[in-house]
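**Student:** Here my numbering is used: the first residue of the sequence shown is 571, the next is one more, and so on. For every residue, glycine included, the Cβ atom is placed at its ideal position computed from N, Cα and C. Following this message is one structure expressed as C-alpha coordinates.
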Amino acid sequence: MSDISDEARKELDELAKQRVEDLPGETALGNKDPEAGGDGEPADWTGNKDVQLP
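Encoded structure:
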(Lines of atoms letter the chains of each structure in order from A and count residues from 1; the text may use other names and numbers.)
(Lines give C-alpha, C1' and ligand atoms only; values in the text may rest on other atoms or scores of the structure.)
Protein backbone atom coordinates (compact mmCIF):
# COMPACT_ATOMS: atom_id res chain seq x y z
CA MET A 1 0.00 0.00 0.00
CA SER A 2 1.14 3.53 -0.74
CA ASP A 3 2.16 6.05 1.94
CA ILE A 4 0.11 8.85 0.37
CA SER A 5 -2.63 10.52 2.43
CA ASP A 6 -6.24 10.65 1.28
CA GLU A 7 -5.99 14.43 0.94
CA ALA A 8 -2.88 14.21 -1.25
CA ARG A 9 -4.52 11.49 -3.35
CA LYS A 10 -7.56 13.73 -3.92
CA GLU A 11 -5.30 16.62 -4.92
CA LEU A 12 -3.45 14.39 -7.39
CA ASP A 13 -6.72 13.09 -8.83
CA GLU A 14 -7.95 16.66 -9.41
CA LEU A 15 -4.61 17.69 -10.94
CA ALA A 16 -4.73 14.67 -13.26
CA LYS A 17 -8.26 15.52 -14.40
CA GLN A 18 -7.23 19.09 -15.19
CA ARG A 19 -4.10 17.98 -17.06
CA VAL A 20 -6.02 15.43 -19.16
CA GLU A 21 -8.45 18.15 -20.24
CA ASP A 22 -5.47 20.20 -21.47
CA LEU A 23 -3.97 17.36 -23.53
CA PRO A 24 -4.25 17.91 -27.26
CA GLY A 25 -6.32 15.21 -28.91
CA GLU A 26 -4.75 13.42 -31.84
CA THR A 27 -5.72 11.11 -34.64
CA ALA A 28 -4.12 7.71 -35.22
CA LEU A 29 -1.61 9.44 -37.51
CA GLY A 30 -0.56 11.91 -34.79
CA ASN A 31 -2.35 14.92 -36.26
CA LYS A 32 -4.46 17.25 -34.11
CA ASP A 33 -8.04 16.05 -33.72
CA PRO A 34 -10.20 19.20 -33.49
CA GLU A 35 -13.12 17.26 -32.02
CA ALA A 36 -11.00 15.90 -29.15
CA GLY A 37 -10.30 19.30 -27.60
CA GLY A 38 -7.19 20.25 -25.69
CA ASP A 39 -4.62 22.93 -26.30
CA GLY A 40 -1.79 23.02 -28.82
CA GLU A 41 -0.41 20.44 -31.20
CA PRO A 42 0.22 16.83 -30.08
CA ALA A 43 3.82 16.94 -31.35
CA ASP A 44 4.56 20.04 -29.26
CA TRP A 45 3.27 18.66 -25.96
CA THR A 46 6.19 18.00 -23.61
CA GLY A 47 4.48 16.62 -20.53
CA ASN A 48 4.09 17.76 -16.96
CA LYS A 49 7.64 18.81 -16.13
CA ASP A 50 6.52 22.25 -14.88
CA VAL A 51 3.73 20.96 -12.63
CA GLN A 52 4.51 20.88 -8.90
CA LEU A 53 3.07 17.79 -7.23
CA PRO A 54 1.60 18.05 -3.70
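If you follow the alpha helix (DSSP H) that Glu611 is in, where does it begin and where does it stop?
**Tutor:** Unbroken run through Glu611: none, as it is neither H nor E.
**Student:** At which residues does the alpha helix (DSSP H) containing Leu599 begin and terminate?
**Tutor:** Counting along the chain, Leu599 falls outside any alpha helix (DSSP H), and DSSP gives it neither H nor E.
**Student:** Consult DSSP for Gln622 and reduce its assignment to one of helix, strand or coil.
**Tutor:** In this structure, Gln622 counts as coil in the three-state DSSP scheme.
**Student:** Start and end of the alpha helix (DSSP H) containing Ala586?
**Tutor:** First-last of the alpha helix (DSSP H) with Ala586: 576-592.
**Student:** Is the beta carbon of Gly610 sitting closer than 9 Å to the one on Asp603?
**Tutor:** Cβ atoms of Gly610 and Asp603: not closer than 9 Å.
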